[in-house]
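Peer 1: Counting with my numbering, you get residues 11 to 257 for the letters of the sequence shown.
Idealized CB from N, CA, C, for every residue including glycine.
Here's a structure for you.
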Amino acid sequence: MSFFDQIDKSRLPKHVAVIMDGNGRWAKAKNMPRVFGHRSGVKSVKLISEAAAELGVDHITLYAFSTENWKRPAFEVNALMTLLVDTVRKELNSLHENNIKLNAIGDIESLPEATKKALKEGIEKTKNNSRLTLNLALNYSSRWEITEAAKRMAIDVKNNVLSPEDITDHVFSTYLKTKDIPDPELLIRTSGEKRISNFLLWQLAYTELMFLDMYWPDFNKETFYEAIVHFQQRERRFGKTGEQLKS
Ligand code: IPE
Ligand code: IPE
Ligand code: MG
């Protein structure tokens, strides 16, 4: 039976987050420049978006550029920013036709002008779409997001809009960039690296983590289906005992 057929369509994760890693190593293994790997990774982005939309997953969040990625050589950073603009422009009609809503989390205002413009146009055009939300984590880091949330909460306390006694787990999460998105149920990281790299630290509290030994450009629909099958085989206990879940 194919992995697709093994998926229980009534128990799909509502939100899958992905650390798309390994573009550079994929290219290097082919004696190609790193940027070739980034370009090839766009194909995997299309495949996972299609697969998620077809299955009926509500949200995917793709880590496309971290706050720390600015430390890379300027040539690579520029290539990534250009690739982003080009991809959003090129794929926008197809996203829209497929009823996919584009969203971005991260410090979008600090992105280069052209990148910001393409993104904002994409977000605006697709804002009423309802099939799948494709969240791009761009110029994103979780500590930045949490720090920003803390700052805005402090301002609200100062302005008497919020009182410290009312700050709960739920209230805190409404100050995050993911306020309208449920926590991811599944996180996939490609490339073999087993770390979170400053991604969704708050939101991943009870997420199932999956680390795949393949580079991002090799990721395809079949890989995604297989990950979901394995996700559905896991027992999510949320602090309870295995016995409690069965009763
Ligand atoms: C992920 O691939 C893409 C981004 C971080 C933008 P990498 O560029 O990190 O590839 P590796 O990890 O060096 O192979
Ligand atoms: C994480 O990958 C960020 C993205 C996939 C955009 P990195 O390649 O930047 O992470 P580290 O440096 O290996 O932790
Ligand atoms: Mg990497």
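Check whether the stretch 85-99 and the stretch 165-177 touch, using three or more Cβ-Cβ pairs below 8 Å as the test.
Peer 2: Because the criterion of three Cβ pairs below 8 Å is not met, the stretch 85-99 and the stretch 165-177 do not touch.
Peer 1: For Lys-189, collect the residues of the same chain with a Cβ closer than 7 Å to its Cβ; drop the 5 residues on either side in sequence, then sort them by chain order.
Peer 2: Indexing the sequence shown from 1 puts residue 189 at position 179. Correct list, in chain order: Ser-183.
Peer 1: Pull the bridge partners of Glu-218 from the DSSP assignment, please.
Peer 2: On the sequence shown, position 208 is the one that residue 218 refers to. Looking at the DSSP assignment, Glu-218 forms a beta bridge with Leu-196.
Peer 1: Residues in its own chain within less than 6 Å of Ala-114 by CB, not counting five upstream and five downstream?
Peer 2: Walking along the sequence shown from the start, residue 114 turns up at place 104. If we look at Ala-114 and ignore the five residues flanking it on each side, its Cβ neighbours are Leu-129, Leu-146, Leu-148.
Peer 1: Where the beta carbon is closer than 5 Å to any heavy atom of ligand 1, which residues qualify, in chain order?
Peer 2: Counting every residue whose Cβ lies closer than 5 Å to a heavy atom of ligand 1, we get Asp-31, Gly-32, Asn-33, Gly-34, Arg-35.
Peer 1: Select from Met-224, Ala-237, Lys-127, Trp-36 the residue whose C-alpha is nearest the C-alpha of Ala-62.
Peer 2: As a working mapping, residue 62 is identified with position 52 in the sequence shown. Cα-wise, what sits closest to Ala-62 is Ala-237.
Peer 1: Just mark Val-171 as buried or exposed, buried being the case when its beta carbon has 16 or more other beta carbons within 10 Å.
Peer 2: Against the sequence shown, residue 171 aligns to sequence position 161. Exposed, by the Cβ-count rule.
Peer 1: Pick from Leu-144, Gly-116, Arg-246: whose alpha carbon is nearest that of Val-67?
Peer 2: For the purposes of this step, residue 67 is identified with residue 57 of the sequence shown, where counting begins at 1. When each option's Cα is compared against that of Val-67, the closest is Leu-144.
Peer 1: Does His-25 pass the burial test, meaning 16 or more other C-beta atoms within 10 Å, or should it be called exposed?
Peer 2: As a position in the sequence shown, residue 25 is number 15, starting the count at 1. So His-25 ends up on the buried side.
Peer 1: Is it buried or exposed, Pro-227, if we count other Cβ atoms within 10 angstroms and call 16 or more buried?
Peer 2: The residue you call residue 227 lines up with position 217 of the sequence shown. It is buried - the Cβ of Pro-227 has at least 16 other Cβ atoms within 10 Å.
Peer 1: Using the Cα positions of Gly-300 and Leu-255, report the straight-line distance between them to the nearest angstrom.
Peer 2: With the chain represented from 11 up to 257, any question about residue 300 goes unanswered, as that position is not in the structure.
Peer 1: Does the separation of the CB atoms of Leu-222 and Pro-194 fall below 8 Å?
Peer 2: Your numbering for residue 222 matches position 212 in the sequence shown. Your numbering for residue 194 matches position 184 in the sequence shown. Cβ atoms of Leu-222 and Pro-194: not closer than 8 Å.
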